[in-house]
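If you use mature numbering (1 follows the signal peptide of the UniProt record, and there is no 0), the sequence shown corresponds to residues -21 to -1, 1 to 310, in order.
For glycine and all other residues, C-beta sits at the position ideal for the given N, C-alpha and C.
What follows is a set of notes on a single structure, which appears directly below.
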Amino acid sequence: MLRTLIPAVLAVALVTGCSTAASTPAEPAADGAFPVTLTHRLGETVIPREPVRVVALGLADVDVTTALGVTPVAIASSPYSADGIWPWAAGTVDAGRTELLDTTSGDGLSLEKVAALEPDLILAHSFAGIDELYPRLAAIAPTVADTHGVLADSWQDEARSIGAALGRSDRADRLVADVEDTLAAARAAHPGLDGAAFVVGWAREPGSVAVTGRPDDITADLFATLGMHLDDAVAALPRQSGSARGAGAATLSFEQLDLLDTDLLLLAASSEELSGQVTGSQLFARLAVARDGRYQVVDLATVSALRLPTAGNIPWLLDRLDPVFGKVDRT
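Here is the structure:
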């Protein structure tokens, strides 16, 4: 199992205290790290001194900040966990010290709550609402956004940008190297993945399955490090656009479920009923990927990590997918 290969990138001590306490770095930032100017897609951000009250709004922002030993004063909550904390971050975030911000409800992020926290740095590398809210967030505190777009920056680039913002570039480089080593170990453990095709699907509505449709997006990049590629038939599908998080997706009707017949299928669903409609259908049962067991039904936290891999969730993902990787190995 890959549990033995996972480095201590998530082994951050659980902290305690009040929800509005200042961020508490395990070690101070590197000498001479500030002031620093970071260029991103929405402008330039000057961070004059080491941040002590960090708000982390994106998935990567939360994972990397905690992995680098900084406790944020607030993070975006997970809509798929009862405690609001993403499962791979269990033990690294204490909701008694770090406030959880709802960024996904109909009302979206409360700027009033953010301002009340008196942050001196807002990290928003993978925050879907950044295009609309950046001017107002930047008026509250120095705000660092993505470089190429939501769901467009590599997990390595995000980690290094966050590390620079926190004055911990060397530690961010080490974090990236650790995770790259973990990926290399996973590839070596599963040589059968080399050249294999994958599909990631999400049954969101009755009668259809959304699939990742870009062979060059960050999901495909993650699988490429394992020797895999997006299935050619799915890559050729017309893609949806107009949404930062929907960009690159394609939608299959049930009559097109044969396009899920690939070497490795990872399938999520918005409900057990929708999951059963797909996996319980005769069309699905006839697929070789189903007959051979080369598919895995994953929860919404897992598909979120697949769509937005980070230095924090990649080791967790590899561990969860290790069994189905083994089934691909044997084909």
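The Cβ atoms of residue 21 and residue 113 sit closer than 8 Å to each other.
Here residue 23 is bridged, per DSSP, to 18.
In the structure shown, residue 233 adopts helical secondary structure according to DSSP, grouped into three states. Here residue 74 is not near residue 101, since their CB atoms are 8 Å or more apart.
In this structure, 90 is the residue among 130, 90, 99 and 268 with its C-alpha nearest to the C-alpha of residue 115.
The beta carbon of residue 171 lies closer than 6 Å to those of 307 and 308 in the same chain, with the five residues before and after it left out. Taking a C-beta distance under 8 Å as the contact criterion, residue 137 and residue 289 qualify as a contact pair.
Assignment of residue 78 by DSSP, reduced to helix, strand and coil, places it in the strand class.
Looking at the backbone, the Cα of residue 268 and that of residue 287 are separated by about 25 Å. By the C-beta criterion, the region 202 to 215 is judged to be in contact with the region 231 to 249, since at least 3 inter-stretch pairs fall below 8 Å. If you ignore the 5 residues before and after residue 277, its C-beta comes within less than 6 Å of the C-beta of 245 and 247, all in its own chain and listed in chain order. The alpha helix (DSSP H) runs lying completely inside the region 232 to 279 and spanning 4 residues or more are 251 to 258, 261 to 264 and 267 to 270, given in chain order. The straight-line gap separating the alpha-carbon atoms of residue 166 and residue 92 is approximately 43 Å.
Separation of residue 63 and residue 79 (C-alpha to C-alpha, rounded to the nearest whole angstrom) is 7 Å.
Check the Cα spacing between residue 28 and each of 47, 83 and 147: the tightest is with 147.
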